[in-house]
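Asker:
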Amino acid sequence: MTHSIAILGASGYTGAELVRLIATHPSMRIAALSAHSKAGQPMAQAFPHLRHLDLPDLVTIEEIDFSGIDLCFCALPHATSQAVIRDLPKTLKIVDLSADFRLRDPEEYARWYGGAHAALDQQAEAVYGLTEFYREQIRGARLVAGTGCNAATGQFALRPLIAGGLIDLDDIIIDLKTGVSGAGRSLRENLLHAELSEGAHAYGVGGTHRHLAEFDQEFSTIAGREVKVQFTPHLLPANRGILATVYVKGEAKDIHAALMDAYADEPFLQVLPFGQHPSTRHVRGSNFCHIGVSGDRIEGRAIVIAALDNLTKGSSGQALQNANLMLGEEETAGLMLAPVFP
1268 MTHSIAILGA SGYTGAELVR LIATHPSMRI AALSAHSKAG QPMAQAFPHL
1318 RHLDLPDLVT IEEIDFSGID LCFCALPHAT SQAVIRDLPK TLKIVDLSAD
1368 FRLRDPEEYA RWYGGAHAAL DQQAEAVYGL TEFYREQIRG ARLVAGTGCN
1418 AATGQFALRP LIAGGLIDLD DIIIDLKTGV SGAGRSLREN LLHAELSEGA
1468 HAYGVGGTHR HLAEFDQEFS TIAGREVKVQ FTPHLLPANR GILATVYVKG
1518 EAKDIHAALM DAYADEPFLQ VLPFGQHPST RHVRGSNFCH IGVSGDRIEG
1568 RAIVIAALDN LTKGSSGQAL QNANLMLGEE ETAGLMLAPV FP
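Counting from 1268, one number per residue, gives the positions in the sequence shown under our numbering.
Now the structure itself:
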């Protein structure tokens, strides 16, 4: 069976990444692509690297006939997404890549995103899209909320450790580096080459980054008590990739064994031999996440390092992984591309 797919916001980086991945999918056909400012253009004009594909032209959302669409990916900006999804057909399966449906508590959404949620009914039915931990709920979901790319990376490093009671929940530090594509395709002065290259800087310092809301929600749920981590992201002069270095109190060998056990059957989560460390260059353009564990010179402390591609496993690849489950397809379909190296 071939599934007809629509991608809303196809002129952004995550939209283009979805097209790249779906192009290799054995049972998905892209039937509609929307864009706002680029409506009327061929996809090849927005993204010349996709010119070899037979794709529909970019149109406005209003021009799409959703009656023939099996699943819709929404790669739209935050706040825009909820307003659009609220008015889509109630029977349409949707994977949203924005932050609009990640938080279960409307008050938490308002606190972190600065305004009341405009689609509370849809927010209540959304399933959090961290595939490896919400697999069964995702299979039966109509609306899946993709995670933040930073939030996914930190959770892959920490969820099994929190669940297993292996670390001090009051002393967790996530030091994260991310590529610039995570900021989107919009023109911004601070993302110009001359402003960004040959340097690196922290942002969201002191607990202001919005992905902290996902850490709070998910880690506290696992632990059955409030868990608050220290988290500082840094912007690197690189196009793709996230590297999270996580500092915890716990026995390193036990931590490594727990991660090995938790992810033994996961096709996309690879735990390295003890003492080996991952690199963003080894997961670039792929849906894989590599995780390494080392002990610290201070007894009773450990370092967990996780690397993934923010556009793939952190966003569009995760979205396709979830869509496969929602449509009854093999979870790995279209996603086994090897990383690009060098």
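Every residue gets a Cβ at the ideal spot worked out from N, C-alpha and C, and that includes glycine. It should be emphasised that the depicted structure is a prediction, and the values quoted were computed from it without experimental measurement.
(1) Run through DSSP, which three-state label would Gly-1282 get?
(2) Closer than 7 Å by C-beta to Leu-1458: which residues in its own chain qualify, once you throw out the five before and the five after it? Chain order, please.
(3) Only counting runs of 3 or more residues, tell me where the beta strand (DSSP E) segments fall wholly within the stretch 1342-1373, in order along the chain.
(4) Out of Thr-1358, Cys-1416, Leu-1317, Glu-1374, point me to the one whose CA is closest to Leu-1578's CA.
(5) Check whether the stretch 1579-1586 touches the stretch 1408-1425, counting contact only when three or more Cβ pairs, one atom from each stretch, lie closer than 8 Å.
(6) Give the single residue among Ile-1361, Leu-1300, Gly-1471 whose Cα lies nearest to the Cα of Ile-1405.
(7) Decide if Leu-1463 is buried, meaning its Cβ has at least 16 other Cβ atoms within 10 Å, or exposed.
(8) Quick check: what's the CA-CA separation for Ile-1336 versus Met-1603?
(9) Relative to the C-alpha of Lys-1305, which candidate in His-1316, His-1319, Leu-1275 has its C-alpha closest?
(10) I believe Lys-1259 touches Leu-1503 by the beta-carbon criterion, under 8 Å. Please report the beta-carbon distance rounded to the nearest angstrom.
(11) Quickly, what does DSSP pair Phe-1498 with across the bridge? List them, please.
(12) Classify Gly-1421: buried if its beta carbon has 16 or more other beta carbons within 10 angstroms, exposed otherwise.
(13) What are the complete beta strand (DSSP E) segments, minimum 3 residues, inside the stretch 1417-1498?
(14) Would you give the residue range spanned by the alpha helix (DSSP H) that Ala-1524 belongs to?
(15) One question on the structure: do Arg-1287 and Ile-1272 come within less than 9 Å of each other, judged by their Cβ atoms?
(16) Excluding sequence positions up to five away, which residues of its chain have a Cβ less than 6 Å from the Cβ of Leu-1479?
(17) With DSSP as the reference, label Gln-1308 as helix, strand or coil.
(18) Starting from Leu-1503, trace the alpha helix (DSSP H) in both directions and tell me its first and last residue.
(19) With DSSP collapsed to three states, give me the class of Ser-1583.
(20) Straight-line CA distance for Pro-1309 to Arg-1318?
(21) What are the start and end residues of the beta strand (DSSP E) that includes Gln-1537?
(22) Determine the closest residue to Gly-1517 out of Arg-1477, Ile-1439, Pro-1545, Asn-1589, with distance taken between C-alpha atoms.
(23) For Ala-1469, is the classification buried or exposed, using 16 other Cβ atoms within 10 angstroms of its Cβ as the cut-off for buried?
Answerer: On the basis of the coordinates in this document:
(1) Position 15 of the sequence shown, counting from 1, holds the residue named residue 1282. Here Gly-1282 sits in helix by DSSP.
(2) Walking along the sequence shown from the start, residue 1458 turns up at place 191. Closer than 7 Å at the Cβ level, and outside the excluded window around Leu-1458, lie Val-1447, Ala-1450.
(3) Given a length threshold of 3 residues, each whole run of the beta strand (DSSP E) inside the stretch 1342-1373 is given here in chain order: 1360-1363.
(4) Taking the first residue of the sequence shown as position 1, residue 1578 is located at position 311. Of the candidates Thr-1358, Cys-1416, Leu-1317, Glu-1374, the one whose C-alpha sits nearest the C-alpha of Leu-1578 is Cys-1416.
(5) Because the criterion of three Cβ pairs below 8 Å is met, the stretch 1579-1586 and the stretch 1408-1425 touch.
(6) For this step, residue 1405 is matched to residue 138 along the sequence shown. If you compare the alpha carbons of Ile-1361, Leu-1300, Gly-1471 with that of Ile-1405, the shortest gap goes to Ile-1361.
(7) In the sequence shown, counting from the first residue as 1, residue 1463 sits at position 196. Buried, since its Cβ has 16 or more Cβ neighbours within 10 Å.
(8) Position 69 of the sequence shown, counted from the start, is the residue given in the question as residue 1336. Position 336 of the sequence shown, counted from the start, is the residue given in the question as residue 1603. Here the alpha carbons of Met-1603 and Ile-1336 stand approximately 25 Å from one another.
(9) Within the sequence shown, residue 1305 is the residue found at index 38, counting from 1. Considering only alpha carbons, the answer is Leu-1275.
(10) The structure shown does not extend to residue 1259, since the chain is modelled only from 1268 through 1609, so no value can be given for it.
(11) Position 231 of the sequence shown holds residue 1498. Bridge partners of Phe-1498: Ile-1441.
(12) As a first step, residue 1421 is located in the sequence shown; it is residue number 154 there, counting from the start. Per the 10 Å Cβ criterion, buried.
(13) Taking 3 residues as the minimum length, the beta strand (DSSP E) runs contained wholly in the stretch 1417-1498 are 1440-1445, in order along the chain.
(14) Reading the sequence shown from its first residue, position 257 is the one you call residue 1524. Per DSSP, Ala-1524 belongs to the alpha helix (DSSP H) from 1519-1529.
(15) Here residue 1287 refers to the residue found at position 20 of the sequence shown. Here residue 1272 refers to the residue found at position 5 of the sequence shown. For Arg-1287 and Ile-1272, no; Cβs fall outside 9 Å.
(16) Here residue 1479 refers to the residue found at position 212 of the sequence shown. Correct list, in chain order: Phe-1498.
(17) Here residue 1308 refers to the residue found at position 41 of the sequence shown. DSSP places Gln-1308 in the coil class of the three-state scheme, outside both helix and strand.
(18) Here residue 1503 refers to the residue found at position 236 when the sequence shown is read from its first residue. Looking at the DSSP string, Leu-1503 is not in any alpha helix (DSSP H), and its letter there is neither H nor E.
(19) In the sequence shown, residue 1583 corresponds to position 316, counting from 1. If DSSP states are grouped into helix, strand and coil, Ser-1583 belongs with the helices.
(20) Against the sequence shown, residue 1309 aligns to sequence position 42. Against the sequence shown, residue 1318 aligns to sequence position 51. Straight-line Cα distance between these residues: approximately 9 Å.
(21) The residue labelled residue 1537 in the question sits at position 270 within the sequence shown. For Gln-1537, the enclosing beta strand (DSSP E) covers residues 1536-1538.
(22) The count along the sequence shown starts at 1 and reaches residue 1517 at position 250. For the residues Arg-1477, Ile-1439, Pro-1545, Asn-1589, the minimum Cα distance to Gly-1517 belongs to Ile-1439.
(23) Here residue 1469 refers to the residue found at position 202 of the sequence shown. The residue is exposed, with fewer than 16 neighbouring Cβ atoms inside 10 Å.
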